[in-house]
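Read in order, the letters of the sequence shown are residues 5 to 312 in the numbering used here. Here's the structure, in C-alpha cells; my notes come after.
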Amino acid sequence: MIIVHGGAGDWTEEKLEIAKEHLIKSVEIGLEILNKYDDAISACEEVIKVLEDAPVFNAGTGSVLNIFGEVEMDASIMRGDNLKAGAVAGIRNIKNPISLARKIMEETDHVFIISEGAEKLAKTFNFENYDPITEESREKYKELKEEIGKFDRFKKLSEFMQKYPQYFIGTVGAVVVNSKGIIVSGSSTGGIILKLKGRVGDTPLIGAGIYANEYCGASATGIGEGIIRTNLSAFVCNLAKFGISVQNAVKSAIDYLTKKVELPAGIIALDRNGNIGFYHNTKHMPVAYYENGKIHYALKFQDIKASS
Ligand code: GLY
Numbered sequence: 005m006i007i008v009h010g011g012a013g014d015w016t017e018e019k020l021e022i023a024k025e026h027l028i029k030s031v032e033i034g035l036e037i038l039n040k041y042d043d044a045i046s047a048c049e050e051v052i053k054v055l056e057d058a059p060v061f062n063a064g065t066g067s068v069l070n071i072f073g074e075v076e077m078d079a080s081i082m083r084g085d086n087l088k089a090g091a092v093a094g095i096r097n098i099k100n101p102i103s104l105a106r107k108i109m110e111e112t113d114h115v116f117i118i119s120e121g122a123e124k125l126a127k128t129f130n131f132e133n134y135d136p137i138t139e140e141s142r143e144k145y146k147e148l149k150e151e152i153g154k155f156d157r158f159k160k161l162s163e164f165m166q167k168y169p170q171y172f173i174g175t176v177g178a179v180v181v182n183s184k185g186i187i188v189s190g191s192s193t194g195g196i197i198l199k200l201k202g203r204v205g206d207t208p209l210i211g212a213g214i215y216a217n218e219y220c221g222a223s224a225t226g227i228g229e230g231i232i233r234t235n236l237s238a239f240v241c242n243l244a245k246f247g248i249s250v251q252n253a254v255k256s257a258i259d260y261l262t263k264k265v266e267l268p269a270g271i272i273a274l275d276r277n278g279n280i281g282f283y284h285n286t287k288h289m290p291v292a293y294y295e296n297g298k299i300h301y302a303l304k305f306q307d308i309k310a311s312s
C-alpha cells in the first residue's frame, strides 16, 4: 500500500492538473518497487524522488526561497518496525534531500544533520552538486519580496498567507507499507516562502513532520510551526497504536491543530493493514493512493467520502 500527497494549500487548477500526473506516476513507481522487491524504504524514497524532481511541488527542484532568495531544503524518512529515522535540514545543493535522509538513517549513527554538515556529508556520499532553484521560484520570490514590505514579517504570517494563499503550498510526503507490515514514512520540502534563514519547519522533525511505528505511518504538510507545536504525526500514530482507526486519528489530529494553533495543515496516514487516512483544513490536498487494485486520486477529503 502507498499513499502520497503533494502539499496542503490553495492550488490553482492548472497546477493541480500537473500535480495529479506526478502523484499518480509516483504511486506507480512505488508499486513497481513493492511488487518486485517488497522494499518499503526504497519505495518511499523513490516515490518522494519523483515528487522532488517535479518543479510543481515545493520540494527538491522548485523549492521556495527564503528571505534572502536562497534555497534551504528539509527532508526525513522513518521506518516503523525499528523506529530508525534519518533527517536533513537547510541543505542547498543536492537534487534529492530524501536520499540523503535515507543515508543518514542507514549509514550514520545519527538521526538529524543540518546545513553545512549535511552538505559535507552529501559530498562524502558522492551526491552530485545540484542547484534546485528554478526560474519560477526566483520570480515568485521577487513578486512576494516586494509585497512583504507591507507586512510585519515576524508577526503577520497568517495575514500574509490569507492574502497570498497560492504561494503557501507545502511539502510532499508518502507512507508505504510492504507485505510484512513494515511501514515507512517520508517527507521533503523547501519550507515556507520568505522564511528566515536557518528556519526549520516540521518536515525533518521526527514526530512532527513524519512518524512511523508498528501500527501506523504518517506524513504532514502545511505551516510547520503549527505541526511542530502539535507534534502532529506522532499524535496520529499514537492514536492508531491505541486502536483508533487511521481516518479517525487524522481527523482528530487536524481538528486539534485547527482549534489550538489556527494554521493550515494536512496529514496522510496508513496502518499496517493498509487502511488509509487523510485529512486537511485547507482548500486542497492532492492525494494519490493504491486501494483495491487501483490507483485513486483525490483533491479533498470530501472526494474520497463521496466516492466510497
Ligand atoms: N511543512 C513545511 C514547512 O513548514 O517547512
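Don't be surprised by glycine CBs; every beta carbon is placed ideally from N, CA and C. Owing to the predicted nature of the structure, the values given are computational and were not obtained by experimental measurement.
Going by Cα to Cα distance, which pick from the options is closest to residue i?
i	options	result
Y294	H288, N182 and D259	N182
M82	I98, F72, N70 and V115	V115
K199	K88, E110, K149 and S46	K149
L87	M109, H9 and V265	M109
L104	D113, E32 and S80	S80
E56	G190, Y283, S249 and G213	G190
I186	N296, I52, N277 and L236	N277
H284	A269, N296 and G297	A269
Y41	A238, T225, K184 and G247	K184
For the alpha helix (DSSP H) that residue i lies in, which residues bound it at each end?
i	result
L239	For the sequence presented, residue 239 should be read as Phe rather than Leu. Here the alpha helix (DSSP H) through F239 covers L236 to K245.
R83	Segment M77 to R83 is the beta strand (DSSP E) holding R83; no alpha helix (DSSP H) there.
L35	E17 to Y41
L104	P101 to E111
L274	Not the alpha helix (DSSP H): L274 falls in the beta strand (DSSP E), residues A269 to D275.
For residue i, which residues in the same chain have their Cβ closer than 7 Å to its Cβ, ignoring the five residues on either side in sequence?
i	result
D14	P169, Q170, T286, K287 and H288
G194	N62, A63, S67, V68, V75 and M77
I33	E50, V51 and V54
S311	Annotation note: pLDDT 44 at S311 (below 50); position unreliable, coordinate value reported separately. So the list is empty, once near-sequence residues are dropped.
Tell me which same chain residues have a C-beta within less than 6 Å of the C-beta of residue i, skipping the five on either side of it?
i	result
H300	Y293
P136	G64, T65, S67 and V75
K201	N70 and F72
P59	T65, G66 and T138
I280	I7, L274 and Y293
F131	I98
S46	I37
G221	G84, V179, I187, S189 and L274
A122	V92 and I95
What does the alpha-carbon distance come out to for the pair residue i and residue j?
i	j	result
N100	A44	18 Å
Y145	I173	14 Å
V188	I258	21 Å
I98	E163	33 Å
M165	I197	10 Å
R106	K263	34 Å
C48	K127	23 Å
E266	T234	11 Å
V92	I118	6 Å
K167	T175	20 Å
E111	A89	11 Å
E143	A23	20 Å
A12	S249	22 Å
Residues in its own chain within less than 8 Å of residue i by CB, not counting five upstream and five downstream?
i	result
K29	V54
L20	H288, P290 and L303
H26	G10, V54, L55, A58, V60 and F61
With respect to the beta strand (DSSP E) encompassing residue i, which residues constitute its N-terminal and C-terminal limits?
i	result
K264	Unbroken run through K264 is the alpha helix (DSSP H), V250 to V265; no beta strand (DSSP E).
L55	It is not in any beta strand (DSSP E) - L55 instead sits in the alpha helix (DSSP H) that spans A44 to E56.
T193	I187 to T193
E302	The question names Glu, but residue 302 in the sequence shown is Ala. Taken as a continuous stretch (DSSP letters only), the beta strand (DSSP E) holding A302 covers K298 to A302.
G121	From DSSP, G121 is part of no beta strand (DSSP E) but of the alpha helix (DSSP H) over S119 to T128.
I6	I6 to H9
S326	Residue 326 lies beyond the stretch modelled for the chain, which goes from 5 to 312, so this question has no answer here.
Validate contact between the segment 195-206 and the segment 216-230 using beta carbons, cut 8 Å, 3 pairs: Touching, per the Cβ criterion.
Give a yes or no on contact between the segment 210-220 and the segment 239-249, applying the rule of three or more CB pairs nearer than 8 Å. yes
Would the segment 270-278 and the segment 244-253 be scored as touching if the rule is three or more Cβ pairs under 8 Å? yes
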